[in-house]
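Undergrad:
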Amino acid sequence: MERQEILDSISSYFEFRTDIHTVIVYGSVAGGNYGKESDVDIALASSTPLGYKGLLRMNTDLQLKLHRNIDLIDLDKAKGLIHYKIISKGLRLKYSGRELSAHMIRALDFKTDFLPQLTAMQIKRIEKTAYGS
């Protein structure tokens with residue numbers, strides 16, 4: 030299945046789900062570097078709590094529809110780097126401007142407050158590995 034077919038299938042699945050206001054595909058499919066065995070990473074946000082059973086049902090439906098493994102994440106529960114990457118690099122297939130704005134603000138807060146610290150820690154680890162203690 031080609032990338033656009035995957036995205037179109039996901040869009041059509043959620044088109045009439047009025048409880049789901051945000052659908053963002055992220056990871057290898059969003060980046061265009063997916064392979065035959067790649068899973069599909071999808072972040073969702075809902076006007077009602079998604080719950081385990083709801084996520085499991087959607088996961089099963091989408092696996093049957095796309096013939097690929099699916100990783101679903103509740104965007105409202107995502108934190109830190111994963112939330113930032115979903116918002117900054119993901120493909121928005123369905124979204125509410127108001128809800129998306131709140132997630133963009135959270136992602137921006139992470140970028141300005143925590144990402145520089147994470148980058149500094151990564152640089153120190155690389156230097157320690159490359160040059161020793």
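Residue numbers in the sequence shown follow my numbering, run continuously in steps of one, and reach 162 at the last position. Idealized CB from N, CA, C, for every residue including glycine.
In terms of residue numbering, what span does the alpha helix (DSSP H) encompassing residue 154 cover?
TA: Against the sequence shown, residue 154 aligns to sequence position 125. That run of the alpha helix (DSSP H) goes 144-160.
Undergrad: Grab the span of the alpha helix (DSSP H) containing residue 84 for me, first residue to last.
TA: Along the sequence shown, one-based indexing puts residue 84 at 55. Segment 80-95, the alpha helix (DSSP H) holding residue 84.
Undergrad: How far does the beta strand (DSSP E) with residue 75 in it reach, from first residue to last?
TA: Stepping through the sequence shown from its first residue, residue 75 is reached at position 46. Its beta strand (DSSP E) spans residues 69-75.
Undergrad: Do residue 96 and residue 75 count as a contact pair if the criterion is CB distance below 8 Å?
TA: As a working mapping, residue 75 is identified with position 46 in the sequence shown. As a working mapping, residue 96 is identified with position 67 in the sequence shown. Result no, Cβ atoms of residue 75 and residue 96 do not sit closer than 8 Å.
Undergrad: I'd like to know if the stretch 101-115 and the stretch 70-87 are in contact, where contact means that at least 3 CB-CB pairs between them fall below 8 Å.
TA: A contact exists between the stretch 101-115 and the stretch 70-87.
Undergrad: DSSP puts residue 120 in a beta bridge; with which residues?
TA: For the purposes of this step, residue 120 is taken as residue 91 along the sequence shown, with counting starting at 1. Looking at the DSSP assignment, residue 120 forms a beta bridge with 54.
Undergrad: What does the alpha-carbon distance come out to for the pair residue 34 and residue 87?
TA: Taking the first residue of the sequence shown as position 1, residue 34 is located at position 5. Taking the first residue of the sequence shown as position 1, residue 87 is located at position 58. The straight-line gap from Cα to Cα measures roughly 18 Å.
Undergrad: Quick one: give me the first and last residue of the beta strand (DSSP E) that residue 103 is part of.
TA: Within the sequence shown, numbered from 1, the residue matching residue 103 stands at position 74. Start and end: 99-103.
Undergrad: DSSP has residue 49 in a bridge; who is on the other side?
TA: Walking along the sequence shown from the start, residue 49 turns up at place 20. Paired residues: 75.
Undergrad: To which residues of the same chain is residue 57 closer than 7 Å at the C-beta, ignoring the five residues directly before and after it?
TA: For the purposes of this step, residue 57 is taken as residue 28 along the sequence shown, with counting starting at 1. So the qualifying residues of the chain are 63 and 67.
Undergrad: Taking the alpha-carbon positions, what's the residue 59 to residue 119 distance?
TA: Taking the first residue of the sequence shown as position 1, residue 59 is located at position 30. Taking the first residue of the sequence shown as position 1, residue 119 is located at position 90. So the two alpha carbons sit approximately 6 Å from each other.
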